[in-house]
Structures are given as structure tokens and as C-alpha cells.
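Numbering (our numbering), first residue to last: 350 to 468.
C-beta atoms are modelled at their ideal positions from N, C-alpha and C, and glycine is treated no differently.
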């Protein structure tokens, strides 16, 4: 079973609750990530940047600038939408997510470890 979360707030750029696992649990999470990432990463939208090897904020900013320059040269009006889903990660249905994981992972030990780490 995972340890207790350490909760604290950060205030940049706005107040945000951070829930950090104990070090031992983060090691387990990293090991699971290292094994599952190659399986799932190739299924993600190519321009999704968060928490992906070789992507990140600089890649996202460069890609956005590229698209903006391209739109600047095209005729007509241009619109964009900036949105944020409040408390997105807290609202993910873990049972549904686990069912998605089970479609790709068949190892019972790995599935059990993932479920234990999450609950």
C-alpha cells in the first residue's frame, strides 16, 4: 500500500495544492512509468507535450510559435481558445483508467502493483 501523501501549496503562478508521495512510492511510480511509457506513449496525440520524453514546455512553445506564424500568413481571421480543466487529475475516474490500462497490459503482477499504488 502506498504511504500517506504530503500535502502543501505552491503559489506560482496561482495557488495550487500539491500532493507528494513518500520517496519510496515515487521510486515505484518511476519504475512503473519506465516500463509502461514505451507502450502508451506511441498511442498519444503527437503534439501532446506534458510529461513526455523529448517534449515539454520548450517544445510546446516552439510548436505554438510555428503554428501562429503559419496562421499569420494565411488569409482570413484567426481565433484561438485558451482553456483549463479545473482539477483535471483529481477528476479522472480511476476505474475507467485502469480498464484502459488493462487493454494493453496483461501481466497480473504489474496490474496489481498499479492498482495498489493508486488505492
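Nearest-angstrom Cα separation, counted from residue j out to residue i
i	j	result
residue 459	residue 384	10 Å
residue 354	residue 438	15 Å
residue 409	residue 390	16 Å
residue 377	residue 413	34 Å
residue 422	residue 370	47 Å
residue 440	residue 454	23 Å
residue 395	residue 432	19 Å
residue 379	residue 373	10 Å
residue 434	residue 456	33 Å
residue 411	residue 400	16 Å
residue 452	residue 430	33 Å
residue 405	residue 388	19 Å
Local conformation of residue i per DSSP, three classes
i	result
residue 378	helix
residue 393	coil
residue 356	strand
residue 399	coil
residue 430	coil
residue 365	strand
residue 449	helix
residue 387	helix
residue 422	coil
Spatial neighbours of residue i in its chain, beta-carbon cut-off 8 Å, leaving aside the 5 residues before and after
i	result
residue 462	377 and 381
residue 386	402
residue 358	364, 365, 366 and 367
residue 464	447
Neighbourhood of residue i by C-beta distance below 6 Å, restricted to the same chain and skipping five residues each side
i	result
residue 356	368
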